[in-house]
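Working notes for the structure below.
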Amino acid sequence: MRPPPAREESWSADPDGFVEIYQGSDTSFKVARLVPGRDYAFRVRGFNSIGAGAFSPEAIFSTQPSVPAQPEAPQMVAQTATSVTLRWEAPHSGGAEITEYVLEIDDGEGGAFAMVYTGPEMICEIQQLRAGFTYRCRVLAVNEVGRSTFSIPADVRTGRAEPFKPTPPVISCRGPTSLTLAWDPPEDDGGAEVEEYRVEIWHPRGGGWRVAYVGPARACSVTNLQPGQSYRVRVQAANQVGLSEWSGELRAMTSASAPDSLEPPVLGDSHQTAVLVQWAPPRHDGGSAVAGYRLEMGEGGGRSESFGRGRTVYSGLDTAVWVKELQPGCAYSFRIQTWNKLGSSPWTPPVVFHTLPGNPSSPGPPTLAPSAAITMTSTQLPLVWEPPAANGAPVLSYCLQMCMPVLSGHDTWRGERAPRPALADSSSSTDLAETARSSSDAFKPPGSKTAPPSETASVGTGSVDEDTAFDPGSFSEGGDGDGLLGSPGEDGISRKGLAGRASEWGAREELRFEDVEVCAGAAATVGGLMPHTLYAFRVRATNTVGSSEFSPVSYLLTASAEPEAPPPPTVVETGPDHVHLRWEKPARDNGESVESYSLEIERRSSNRTASSSASPVGVRPSKQRGARMVGIGGSTAAAVAAASKGEELWEEVYSGNVRECLVDTLDPGRPYRFRVRAWNAVGGSPPSASVQVRTDPAAPGAPPPPSFSAVTPTTVRVRWTPPEEDNGAPVRSYKLGADDGLGGAFRQVYEGSALKHTAARLVPGRTYLFRVQAISELGASAPSAPASVSLPRAPPRAPLAPVAKSANTSALVLVWEAPESEEEEERFSSRTGFTLQLEERGTFKTIYEGEEPSFEAKNLAPGTVYRFRVRSNGPPDMDPGPWSPTAALATDALLDVAAPRAHKSPSRLQNQLRTRLHVLHQEADRWQGLPMRRAVASLCVALVLIAAFLQWG
């Protein structure tokens, strides 16, 4: 049968598309799994003991159509808050065309389905839905046979919308200054949960509507109301989509109460031991006259708890009072309340009044800021300190001082090791290193001895006055970690540990402090420091009265940093393709030993980039860091920008711990610039000063292949350009070589300084190879790549000069011959005809064109010399060949003078002789030079005598 039954993949069809579905002795078979409404072709053949017979003619049978297959669940393609748009795919029709679809949807709450669409379209928009609800929908297909089963229901959800407005609020509790309200949620939340409610209240004394509450609860208390007043209240709901409409308004009234809270008291006047406190009556007495005021005083910063130890300093109806017997330069807090017969008002917030101020107390010692692990670097320290007691006047500024302790007989203290700190964005306010170098002997060149290693920036404190000496031994008092800002071995080193190391040097020198920062807050970032170096810090505070004493001295150790830049590399040896470099260690490793070095070579974007490699000399190369392009500052982005501008680029060619390197695979005779960087555990140093090295010159590079112009059958003009690289020695001359046009060996055809040469005496029709070499004082380059040029074949060769086969007085029969050779086909183009020209009045005119090598020139004058030339013609795309030599030919002359009676008539030979003499005379006129004319004249006289003898003799 054809096609096979459905849902079978193992059928093997023959070339006609038929598959075998049955083989047996029965004469009937039931075929199942057929598609409704489809045509099937069947054929049968018989078998006997000999073999199979021929197939019967095809029989066509059609299955009956059925209802459509079950559709796939509809898909939502668009949605709004009140509508969804559904689309579905057409199912199998069951053999009959689908006439319509039926779409049903439930009520969004899991109820019964209801039909919302029937028709032939496969897309439908369902409107008037509720926002944020999930609906189930299904679809079936209908054809002429019947209806399919419904599809699997699909869940679709409408978009969300604003909620409905809530119900008007109700009063659940009433007070003289507050109202407690409650309300119900909106009937519909718009498909998105209500996130908060907004309550507004209308104040009768002006101000309009004011927000009283915003939050998720459905109840709130509105405070700070006036007793016995009428208010209007409304509520609004909000979800992720937006705000609902306002609810209906509630009108409510508060009950009567005690007086309103007073405004905080104010300072009328101040002395060192007394202050004048004043206040204003309450804005609302709560419906009952004020009976009195009560003033309390506390000590401290004005916190409410300080009044637990406070005392009542006044009670009465006055609104001003002098509070005496106070301490100068101190802060006192005050609060006040009033009362009537219904009760007392709340206490006012405490206010702080100051007696006349004094100098501030001494601040705490500077310490590392809590964020030091993030913001500290090797050249800056973030410091904080405990603010002092201001003694009545706010601290206006702090003066931070710093010095580098100098130990007797030793250089400035610098540690040996410190871990790598995180980078910080804060910037220093003063370049302390430059300031100290120029103004203080405390900054000295680094020495050879170093202090013990520490894990992080180390901090120690000691009470050292401005004019006292630095005494390391004093750190030992109090044991390990006494006065330590940071735990020993983790965030710092102990006093005893630092002092013990310093005491080995026997140092005791005066500390010379300098101002480094004046700031308003109790924090500062000191920059411009030297890596892994000990610094001493102290601070004092200043207010409007004066300055405090200096704080105790803190000793801080900066973190390790990248090494200093090494000295520039030096050249050990050079060659045509290599450079041997050596360099020294940097002067300072800044707290971390140098682990490796990187050698960089400059590449310019305008230069030809040449690959180079490097290896340490005398040692096996260590594991190399990946090669990377570095621009100014080591940034890859900067290198890309520099390349686009033609600026310098630096490429790493070596990385290792050996301080010498052989850089090879360089170009001869070219200048190169090198620089070196040192690396430790913190990072890489700035690059050293660069050094320029030129490789030794060598023979020039091979020139580019030559080019050709002005090509003729036997010549060609060859041009070439200088080599791209002369390798340090200028090119002086060139050698041009060519083969024989048959693939033979090259032979030199030119040597000189020119950049072109015309090669001649070439064989037409051949293909020649040319190559060129550049020569300098150091030798010849390799030959360039050969370039080929094919010469065209030459035009046909010139025939021999035409001759007169016969002549009379008015005509000449001309003939000519063309030379032939074995090379004719190879070197010359084929001959297709001839062109014959006659000279008339100094101009040649064509009198014949044809294939025959002969022509009869007629209508000529008797006894006249004519000049002829002939050439061979080639194919139409080829130029004609050269002209033959010019031939001067004469017609026979007529004799008009009668002969004497006593003699014979002139013979024909005599007439021809006269003609020849006339021709010779005309030719003689053409020649230049007197001797030749005389020779021709003598010959003519001889010929005349001979003619006379023949006539009369």
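Read in order, the letters of the sequence shown correspond to residues 9 to 961 in my numbering.
Using N, Cα and C, we set each Cβ at its ideal position, and we do this for glycine too.
Note that the coordinates shown come from a computational prediction; the quantities given were computed from them, not determined experimentally.
Contact between residue 208 and residue 165 does not hold, since the beta-carbon distance rounds to 33 Å and is not under 8 Å.
For residue 835, the secondary structure class from DSSP, reduced to helix, strand or coil, is helix. Shortest Cα-Cα distance from residue 816 to any of 803, 899, 750, 822 involves 899.
Separation of residue 847 and residue 895 (C-alpha to C-alpha, rounded to the nearest whole angstrom) is 10 Å. For residue 305, the enclosing beta strand (DSSP E) starts and ends at 300-307. Note on geometry: alpha-carbon atoms of residue 659 and residue 540 lie some 31 Å from one another. With contacts defined by Cβ atoms closer than 8 Å, residue 708 and residue 782 form a contacting pair.
For residue 277, the enclosing beta strand (DSSP E) covers residues 274-278.
Here residue 143 is actually not in contact with residue 167; their C-beta atoms are around 12 Å apart, not less than 8 Å. Secondary structure of residue 950 (DSSP, three-state): helix.
In the DSSP assignment, residue 589 falls within the unbroken beta strand (DSSP E) covering 587-590.
Judged by DSSP in its simplified three-state form, residue 132 adopts strand.
Separation of residue 705 and residue 803 (C-alpha to C-alpha, rounded to the nearest whole angstrom) is 51 Å.
Only exposed fits residue 160, as fewer than 16 other CB atoms lie within 10 angstroms of its CB. Shown here for residue 253: same chain residues with a beta carbon closer than 7 Å to its own, the five before and five after excluded, namely 173 in chain order.
Shown here for residue 693: same chain residues with a beta carbon closer than 8 Å to its own, the five before and five after excluded, namely 570, 571, 572, 573, 574, 594, 685, 686, 687 in chain order. Beta-bridge partners of residue 523 (DSSP): 409.
DSSP lists 660, 683 as the bridge partner or partners of residue 608.
For residue 852, DSSP records a beta bridge to 847. Taking each of 378, 391, 388, 305 in turn and checking the Cα distance to residue 361, the smallest one comes out for 305. When C-beta atoms of the segment 129-137 are compared with those of the segment 173-186, fewer than three pairs fall below 8 Å, so the two segments do not count as touching. Note on residue 287: 16 or more other CB atoms within 10 angstroms of its CB, so buried under the neighbour-count rule.
Judged by DSSP in its simplified three-state form, residue 54 adopts coil rather than helix or strand. DSSP places residue 669 within a strand segment (E or B) once states are collapsed to three. Counting C-beta atoms within 10 angstroms of its own C-beta, residue 348 has 16 or more neighbours from the protein chains shown and is therefore classed as buried. For residue 881, same chain residues with a beta-carbon under 8 Å away, outside a window of 5 residues either side, are 804, 839, 840, 841, 842, 843, 857, 888, 889 in chain order. Annotation: residue 698 to residue 676 spans about 20 Å, alpha carbon to alpha carbon. Residue nearest to residue 601 within the set 267, 690, 130, 336 is 690 (criterion: CA-CA distance).
Contact between the segment 243-251 and the segment 189-202 is present: three or more C-beta pairs spanning the two stretches fall below 8 Å. With 16 or more neighbouring CB atoms inside 10 Å of its own CB, residue 865 falls in the buried class. Taking the Cα positions, residue 12 is about 13 Å away from residue 51. From the listed residues 105, 83, 118, the smallest Cα separation to residue 131 is found for 83. Boundaries of the beta strand (DSSP E) around residue 361: 359-362.
The beta strand (DSSP E) runs lying completely inside the segment 759-839 and spanning 3 residues or more are 764-767, 775-784, 795-798, 811-815, 820-823, given in chain order. The beta-bridge partner set that DSSP reports for residue 390 consists of 533.
CA-to-CA, the gap between residue 370 and residue 357 works out to about 31 Å.
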